[in-house]
Amino acid sequence: DTAVSQTPKYLVTQMGNDKSIKCEQNLGHDTMYWYKQDSKKFLKIMFSYNNKELIINETVPNRFSPKSPDKAHLNLHINSLELGDSAVYFCASSRQGSNTEAFFGQGTRLTVV
Amino acid sequence: SQKIEQNSEALNIQEGKTATLTCNYTNYSPAYLQWYRQDPGRGPVFLLLIRENEKEKRKERLKVTFDTTLKQSLFHITASQPADSATYLCAPGTYIPTFGRGTSLIVHP
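If you read the protein sequences in the order shown, they are chains C and U.
Residue numbering for the first sequence follows our numbering, starting at 1 and increasing by one per position.
Residue numbering for the second sequence follows our numbering, starting at 114 and increasing by one per position.
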């Protein structure tokens, strides 16, 4: 059983398009995250949701919008895609509170051409 | 602002030797620190968590130390194997897991 699953694994699209990445976790966790890993492998937090509510929104363009229909899902919508959005996007989840490990999905490699 | 530093250069060692990776942090005092492993094309996987009141923690061939005075954690892999080759990320504890850039370890047979 996959604990944190993302779809799609690969996404190639043209500049200006709108796309979504889906994430689901079956661990019963209350907190979910989206991270972006750039070409230099730096893993940077984008969003964090706790019980379907946004906790943190780092400096991310408004074109990125997370949506959490329920505790088990946190989807990422990206509008008007730009070349610089090309990266690997990881979804993760953890139990509520600090001092807990995060479980990551396998990542979605987004390529904007 | 909070800063996390890990050696950006890859660490190359021979099989059987002990690998030691360093994580330094500044401008905050985390109550704990986590280490993760990331393989190419995969998401990070949790390895160990050490709390501020613990000097050392072990798990099989892994050992982590946490020096809150030096603001540093050392991650050791003893009797290293080629299968240990990966990128290792440290995450000094904050409410949201925040990672260093990671150090690539390459273990040569």
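Even for Gly, the Cβ is constructed at its ideal location relative to N, Cα and C.
Beta-bridge partners of residue i, as assigned by DSSP
i                        : result
valine 60 of chain C     : Note: valine 60 of chain C sits in no beta bridge, so no partner.
arginine 150 of chain U  : U/Val158 and U/Tyr201
histidine 221 of chain U : U/Gln127
Chain-order list of residues whose beta-carbon lies under 8 Å from that of residue i (same chain, five-residue window excluded)
i                        : result
lysine 44 of chain C     : Tyr35, Lys36, Gln37, Asp38 and Glu58
serine 14 of chain C     : The amino acid occupying residue 14 of chain C in the given sequence is glutamine; serine does not appear at that position. For glutamine 14 of chain C, where only same-chain residues beyond five positions count, the Cβ hits under 8 Å are Leu81, Val112 and Val113.
threonine 181 of chain U : Ser142 and Glu165
Burial state of residue i (16 or more Cβ within 10 Å)
i                        : result
alanine 92 of chain C    : buried
histidine 221 of chain U : exposed
aspartate 85 of chain C  : buried
alanine 87 of chain C    : buried
glycine 16 of chain C    : exposed
glutamine 115 of chain U : exposed
Close Cβ partners of residue i (< 6 Å) along its chain, the five nearest in sequence each way excluded
i                       : result
aspartate 18 of chain C : Asn79
Short CB-CB distance (under 8 Å) between residue i and chain D
i                    : result
lysine 71 of chain C : Within the model displayed, chain D is absent; protein chains C and U are what it includes.
For residue i, three-class secondary structure by DSSP
i                       : result
alanine 196 of chain U  : helix
leucine 81 of chain C   : coil
tyrosine 208 of chain U : coil
alanine 123 of chain U  : coil
Euclidean distance between Cα positions of residue i and residue j
i                        : j                        : result
asparagine 51 of chain C : lysine 71 of chain C     : 6 Å
glutamate 122 of chain U : threonine 200 of chain U : 11 Å
tyrosine 33 of chain C   : glycine 206 of chain U   : 16 Å
arginine 214 of chain U  : glycine 156 of chain U   : 14 Å
valine 60 of chain C     : proline 66 of chain C    : 11 Å
Other residues of its chain near residue i: CB distance less than 7 Å, five sequence neighbours each side excluded
i                       : result
lysine 130 of chain U   : Ser193
tyrosine 145 of chain U : Leu162, Ile163, Arg164, Glu165 and Gly206
Check: residue i C-beta below 7 Å from any heavy atom of the ligand NAD
i                            : result
phenylalanine 159 of chain U : Only the bare structure without any ligand can be found here, which leaves the ligand NAD out of the picture.
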